[in-house]
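Here the structure comes first, spelled out in C-alpha cells, and everything after it is commentary.
Residue numbers (this note's numbering): 15 to 435.
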C-alpha cells in the first residue's frame, strides 16, 4: 500500500516536472505578446524611479521589478523577460502538489488534481508569460499551504507577495486569511497572519499605487455573466466549453457543501468582495485572467466531489486532457494574432535596411519590443496603422481593411500579413 501511494506521489511530481519543462520551452520559443511588450516598454526599460512612481493595470509591481533585474543581468529578450514568470510557475507547481497531498493523500485523486491545477486551459498560458499572474498564484497557493500548517508568519509573507506580484490578488489573499482564521479557529493569530504580509505588500506597492487613478483599473466586464463565461471556456472547443459551463456550477456547489472548510469559505468571500467592489467602487467584473484566482480554488472544490464520488475523478482527468489538447505550444490563446511577431520583424529586416513600418494595434507594441531587442534602433519607430498613414510596409492583423495594398508575405499561424503599396 505504501509503495502504491509513493507511486502516485512520484507520478504527480513527474507530471508537474514535465509541465514545467513545457513552460520553459514556451518561454524560450514563443513570440512576445502585446501585454508583455507593454510591460517591457513601460515598466522594465525605463529608469527605476519612473517604474516606482507610475501605475497601470499592466504594472504587476513585484513582477516588473524582477523582470527589470533579470533583463539588467542577462540582457533583453523573450526568455530573460519571462524568467520571473517561470519562477512563479515553479513556486505554483510545488505548492499545488503540497496542497493536493495535504487534502487527498498520495492517491490517484491527488495526481489528477495536480494535473488539472497545472494544465487547466484558463491557467496554463500564464505560467510562461511575462506577467505577474504566475508569481501571484504561486505565492497564493503557498500561503494556503503554510496557513494550513499554522506557519502564520510565513503564510502571511506569501499572501503579501502575491498581492505585490499582482494587486488584484488582494481579493483572494484577504479571503484566504479570513477563511483560515475562521475555519482553524485561530483569531488570536490574526496579527501574525496579517501584519507581515501587509507590510511586505505595502513596501512594494505603496509608492506606485499612490499614483493610481480609477482609470487605471479598466480591464473587466459590465456583467457577472460575461465574467463567468470568460473563466469557463476551452479555446476552439465550443462543445466542451458548453458542457463545462453546465457542469462547473453544479460541481462547485456540491464541492462547497462537501468541503465546508477553507476553500469553500475562501471562494464565497472572493465572490462577495468582487461584488462589493463592483457595486460600491465601480470596479468592473473580472475579465478572465483578472479573476484567474477562482480557478485553482474551484478545481480543489471539484476534487472534493471526486473524493466522495470516485467517478468524478474521470471528469478532472477529462478536463485536463481537453486542456492539453487545446494548447498550441508557440501560441498564447488570447494573443494568437501576435504569434509570428518575431518572424515578421526578421522578414522586414530582409526586405529593407531601414523600413518605415505601420502595424495594426495592438501589434505595434510587440514589433517595437523586437526593434529594441534586435538592435534595430536605427529604424524609425513602428507607428499605428490607420487610414492614410504612409509607410514602406504595413503589418496587418486578420480582418483589417487593406484597400490599395498588395500582400508580400502571409504568416499562416497568426494570419498576419506584410503588405506594401
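Each residue gets a CB set at the ideal place from its N, CA and C atoms; glycine is no exception.
Item checked: Where residue 105 falls: helix, strand or coil (DSSP) -> What you label residue 105 is simply residue 91 of the chain shown in a count that begins at 1. The three-state reading of DSSP puts residue 105 in helix, counting H, G and I together.
So, is residue 4 buried or exposed, given that buried needs 16 or more other C-beta atoms within 10 angstroms? Because the chain is modelled from 15 through 435, residue 4 falls outside the range shown and cannot be assessed.
- Item | Of the listed residues 35, 217, 74, nearest to residue 133 (C-alpha basis) | As a position in the chain shown, residue 133 is number 119, starting the count at 1. Selection 35, 217, 74 evaluated against residue 133 yields 35 as nearest (Cα-Cα).
Residue 407, enclosing alpha helix (DSSP H) - first and last residue:
Counting from one through the chain shown, the residue named residue 407 turns up at place 393. Careful: residue 407 lies outside any alpha helix (DSSP H), inside the beta strand (DSSP E) at 407-410.
Within a Cβ cutoff of 6 Å, which residues of the same chain sit near residue 429, ignoring the five residues on either side of it in sequence?
Position 415 of the chain shown, counting from 1, holds the residue named residue 429. In the same chain as residue 429, and ignoring 5 residues on each side of it, the C-beta atoms closer than 6 Å to its own belong to 412, in chain order.
Next on the checklist: Assuming residue 179 and residue 214 are in contact, meaning their beta carbons sit under 8 Å apart, how far apart are those beta carbons, in whole angstroms?
Outcome noted: For the purposes of this step, residue 179 is taken as residue 165 along the chain shown, with counting starting at 1. For the purposes of this step, residue 214 is taken as residue 200 along the chain shown, with counting starting at 1. Contact between residue 179 and residue 214 is absent: CB atoms are separated by about 11 Å, not below the 8 Å threshold.
Does the pairing of the stretch 49-69 with the stretch 108-121 give three or more beta-carbon distances under 8 Å?
With the cut-off at 8 Å, the stretch 49-69 and the stretch 108-121 do not touch.
>> Tell me the DSSP secondary structure of residue 277 in three-state form.
In response: As a first step, residue 277 is located in the chain shown; it is residue number 263 there, counting from the start. Residue 277 falls in the helix class under three-state DSSP.
*Could you check the C-alpha separation between residue 328 and residue 127 for me, to the nearest Å?*
What you label residue 328 is simply residue 314 of the chain shown in a count that begins at 1. What you label residue 127 is simply residue 113 of the chain shown in a count that begins at 1. Between the alpha carbons of residue 328 and residue 127 lies a gap of roughly 11 Å.
Contiguous alpha helix (DSSP H) assignments of at least 4 residues, all confined to the stretch 365-425: With a minimum length of 4 residues, the continuous alpha helix (DSSP H) runs that stay inside the stretch 365-425 are 377-387.
Residue 48 versus residue 385 - alpha carbon distance: Reading the chain shown from its first residue, position 34 is the one you call residue 48. Reading the chain shown from its first residue, position 371 is the one you call residue 385. The straight-line gap from Cα to Cα measures roughly 14 Å.
- Item | Exposure label - residue 89; buried when at least 16 CB within 10 Å | Counting from one through the chain shown, the residue named residue 89 turns up at place 75. Residue 89 comes out exposed.
Cβ of residue 210 within 7 Å of Cβ of residue 171?
In the chain shown, residue 210 corresponds to position 196, counting from 1. In the chain shown, residue 171 corresponds to position 157, counting from 1. Taking 7 Å as the Cβ cut-off, residue 210 and residue 171 qualify as a contacting pair.
What number of angstroms, rounded off, separates the C-alpha of residue 82 from the C-alpha of residue 283?
-> The residue given as residue 82 occupies position 68 in the chain shown. The residue given as residue 283 occupies position 269 in the chain shown. If you take the alpha carbons of residue 82 and residue 283, they lie about 34 Å apart.
Looking at the structure shown, is residue 15 part of a helix, part of a strand, or coil, going by DSSP?
Along the chain shown, one-based indexing puts residue 15 at 1. Residue confidence for residue 15 is low, a pLDDT of 46 falling below 50, so the modelled location carries little weight; the figure read from the coordinates is stated next. Correct three-state label for residue 15: coil.
Sheet register partners of residue 202 (DSSP bridge) | As a position in the chain shown, residue 202 is number 188, starting the count at 1. For residue 202, which the question treats as bridged, DSSP gives no partner whatsoever.
- Item | DSSP state of residue 433 mapped onto helix, strand, coil | Here the question's residue 433 lines up with position 419 in the chain shown. Taken through DSSP and simplified to helix, strand or coil, residue 433 comes out as strand.
Worksheet item: What are the complete alpha helix (DSSP H) segments, minimum 4 residues, inside the stretch 186-264?
Response: As far as the stretch 186-264 is concerned, its whole alpha helix (DSSP H) runs of at least 4 residues are 204-224, 238-245.
Item to complete: Pick out whichever of 105, 92, 124 has its Cα sitting closest to the Cα of residue 24.
Response: Against the chain shown, residue 24 aligns to sequence position 10. Residue 24 has its Cα closest to that of 124, out of 105, 92, 124.
**OP:** Classify residue 304 as buried or exposed, calling it buried when 16 or more other Cβ atoms lie within 10 Å of its own Cβ.
**Re:** Reading the chain shown from its first residue, position 290 is the one you call residue 304. When all chains shown are included, residue 304 counts as buried.
task: Measure the alpha-carbon distance for residue 235 versus residue 135 and round it to whole angstroms.
output: As a first step, residue 235 is located in the chain shown; it is residue number 221 there, counting from the start. As a first step, residue 135 is located in the chain shown; it is residue number 121 there, counting from the start. Rounded to the nearest angstrom, the two C-alpha atoms are 20 Å apart.
Practice item. Return the Cβ separation of residue 153 and residue 95 in integer angstroms, given the expectation that the two are a contact with Cβ distance under 8 Å. Key: The sequence position of residue 153 within the chain shown is 139, counting from 1. The sequence position of residue 95 within the chain shown is 81, counting from 1. 20 Å between Cβ atoms; not a contact.
Rounded Cβ spacing between residue 264 and residue 312 (contact assumed at less than 8 Å)
What you label residue 264 is simply residue 250 of the chain shown in a count that begins at 1. What you label residue 312 is simply residue 298 of the chain shown in a count that begins at 1. With a contact defined as Cβ atoms closer than 8 Å, residue 264 and residue 312 miss out at about 12 Å.
Can you name the start and end residues of the alpha helix (DSSP H) that residue 147 belongs to?
Position 133 of the chain shown holds residue 147. Unbroken alpha helix (DSSP H) run through residue 147: 147-162.
When you compare only the Cα positions, how much space is there between residue 205 and residue 354? Numbered from 1 along the chain shown, position 191 holds the residue referred to as residue 205. Numbered from 1 along the chain shown, position 340 holds the residue referred to as residue 354. Going from the Cα of residue 205 to the Cα of residue 354 covers about 50 Å.
Taking the straight line between their C-alpha atoms, what separation do you get for residue 410 and residue 369?
Numbered from its first residue, the chain shown carries residue 410 at position 396. Numbered from its first residue, the chain shown carries residue 369 at position 355. Cα-Cα distance, rounded: 16 Å.
Under the three-state reduction of DSSP, which class applies to residue 22: helix, strand or coil?
In the chain shown, counting from the first residue as 1, residue 22 sits at position 8. Here residue 22 sits in helix by DSSP.
ask   = Do you know how far the Cα of residue 138 is from the Cα of residue 15?
value = In the chain shown, residue 15 corresponds to position 1, counting from 1. In the chain shown, residue 138 corresponds to position 124, counting from 1. No answer about residue 15 holds up, because its pLDDT of 46 lies below 50 and its placement is not dependable.
Are residue 142 and residue 40 touching if we call contact CB-CB under 7 Å? As a first step, residue 142 must be located in the chain shown, where it is residue number 128. As a first step, residue 40 must be located in the chain shown, where it is residue number 26. Against a cut-off of 7 Å, the Cβ pair of residue 40 and residue 142 comes out as a contact.
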